[in-house]
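Residue numbers (the UniProt record's numbering), protein chains in the order written: chain A, 1 to 80; chain B, 1 to 80.
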């Protein structure tokens with residue numbers, strides 16, 4: 001069955017504590033090529049079929065349920 | 001600065017409790033178009049520059065640090 005991938009990231013202007021912790025650990029490990037890490041969520045939504053209506057439904061779900069619009073942004077909703 | 005996106009998902013053969021919980025909630029909300037939801041992680045890694053060596057380094061980090069290879073798979077490592 002077809003899958004729609006929804007990607008959600010913390011808003012860029014907000015502090016990402018998880019990301020900061022990983023970034024600090026990587027710097028302590030000497031990974032100097034890496035300047036920052038931000039961590040978000042990835043949803044694989046298996047649907048019956050991909051139609052414009054289903055895509056719109058998943059987009060609405062991404063904004064209402066899969067993300068907290070106060071602190072997160074829906075980066076993409078893509079049928080794969 | 002350039003960004004490399006790392007996507008990590010739970011192994012398909014394993015139970016994804018978070019995903020199951022969200023799937024159940026969506027079905028109770030009457031979202032019958034959606035048969036399953038699986039939830040993983042998305043990392044945005046900001047690097048100094050994207051070279052084959054840096055990509056290989058992030059690939060290794062994805063497998064060693066960003067994911068638990070026992071229960072998760074690295075789905076993709078992509079420079080964006």
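Backbone N, C-alpha and C fix where the C-beta goes; we use that ideal spot for every residue, glycine too.
Since this is a predicted model, take the numbers as computed values, not measurements.
is_contact[residue 42 of chain B, chain A] using C-beta, thresh 8 Å: Position 42 of the second chain, counted from the start, is the residue given in the question as residue 42 of chain B. Answer yes: the Cβ-Cβ gap between residue 42 of chain B and chain A drops below 8 Å somewhere.
Alpha carbon of residue 58 of chain B to alpha carbon of residue 4 of chain B, nearest angstrom: In the second chain, the residue the question calls residue 58 of chain B occupies position 58. In the second chain, the residue the question calls residue 4 of chain B occupies position 4. Answer to the nearest angstrom: the Cα atoms are 8 Å apart.
Beta-carbon neighbours of residue 45 of chain A, restricted to chain B and to distances below 7 Å: On the first chain, residue 45 of chain A is found 45 positions in, with the first residue counted as 1. Here the neighbours are 34, 37.
Three-state secondary structure (DSSP) of residue 17 of chain A: Here residue 17 of chain A refers to the residue found at position 17 when the first chain is read from its first residue. Three-state DSSP puts residue 17 of chain A in a helix.
Rounded straight-line distance, which links the Cα of residue 30 of chain A to that of residue 76 of chain A: Start at 1 with the first residue of the first chain, and residue 76 of chain A comes out as number 76. Start at 1 with the first residue of the first chain, and residue 30 of chain A comes out as number 30. Residue 30 of chain A has its alpha-carbon roughly 32 Å from the corresponding atom of residue 76 of chain A.
Below-8 Å beta-carbon distance, residue 48 of chain B vs any chain A residue: Walking along the second chain from the start, residue 48 of chain B turns up at place 48. Yes, residue 48 of chain B counts as interfacial toward chain A.
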